[in-house]
Every structure is written in C-alpha cells, then in structure tokens.
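These notes concern the structure reproduced below.
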Amino acid sequence: MSETFFIKHLSSGRFFYPKGGWSNPGNDTEIVLHSDVHANMHWKFVLVKDYWGYIEHVARSFIRREVV
C-alpha cells in the first residue's frame with residue numbers, strides 16, 4: 189500500500205474530493221473539485237502488477253468510474 193496523497197487539478201489549483209465530504213463515501217459517489225484541503229480527500233495508489241495499478245479513496249470505496 190502506498191502513502192496517502194492529494195490529487196490537485198493543474199489548471200484550477202483545486203483538489204479532487206468526494207462530493208459530500210464523507211470520510212467513507214459510498215459506491216458511485218461523484219468526485220468534485222474543492223479549493224481547500226480537507227482530511228477526507230486522501231487517495232492512495234493500489235499496485236496490481238509490476239508498476240500497474242489504480243487510485244482509490246483511502247476508505248477503499250469504489251467512487252466513480254467514467255465509461256468511455
């Protein structure tokens with residue numbers, strides 16, 4: 189497991205944040221941008237294989253997946 193971190197949107201300077209600010213957001217919670225740093229906006233990288241993996245909320249919730 190990795191150290192926790194914030195995700196900052198480069199052009200706006202805001203941070204990725206689970207909508208509602210919950211410490212344990214439910215499945216399909218929307219991700220919004222927030223100007224302040226908050227305790228519930230920590231993320232971590234989960235390694236799957238070699239250097240491949242994904243980012244998840246520290247509460248291990250499935251936040252939101254965009255379908256392309």
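Start counting the sequence shown at 189; every next residue gets the next number (the working numbering).
Built from N, CA and C at the ideal position, the CB exists for glycine as well.
It should be emphasised that the depicted structure is a prediction, and the values quoted were computed from it without experimental measurement.
- When the Cα atoms are used, Arg-202 and His-222 turn out to be separated by approximately 5 Å.
- Per DSSP, reduced to three states, the secondary structure at Val-236 is strand.
- A straight-line Cα-Cα distance of about 18 Å links Ile-243 and Trp-210.
- Under DSSP, Gly-208 forms no beta bridge with any residue.
- When DSSP states are grouped into helix, strand and coil, Gly-241 belongs to the strand group.
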